[in-house]
Amino acid sequence: MPLGDGEVISGYTISRRLGSGGMGEVYLAKHPRLPRYDALKVLSAA
Numbered sequence: 002m003p004l005g006d007g008e009v010i011s012g013y014t015i016s017r018r019l020g021s022g023g024m025g026e027v028y029l030a031k032h033p034r035l036p037r038y039d040a041l042k043v044l045s046a047a
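2 is the number of the first residue of the sequence shown in our numbering; add one for each residue after it.
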């Protein structure tokens, strides 16, 4: 399930996709309250 730039998931705002693999995709996301960015991994359904 690819996420688009600016999309919000669990409070995190997606900035860009960092990579993908067998388990899912990793995104750079802005933390909802702290002034930082985190890596957010979204697991695939399969």
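Each residue gets a CB set at the ideal place from its N, CA and C atoms; glycine is no exception.
| request: Let me know if Ile10 comes out buried or exposed under the rule of 16 or more other beta-carbons within 10 Å of its beta-carbon. | output: exposed
| field | Proximity below 8 angstroms, CB of Glu26 to CB of Arg17 | value | No.
| Rounded to whole angstroms, how far is the Cβ of Gly12 from the Cβ of Pro33, which I believe are closer than 8 angstroms? | Approximately 4 angstroms separates the beta-carbon atoms of Gly12 and Pro33; this is inside 8 angstroms, confirming the contact.
| Mapping DSSP to helix, strand and coil, what is Val26? | Note that residue 26 corresponds to Glu in the displayed sequence, not to Val. The DSSP-derived three-state label of Glu26 is strand.
| field | Under the three-state DSSP convention, the category Thr40 falls into | value | Residue identity differs from the one stated: residue 40 is Ala in this sequence, not Thr. Strand.
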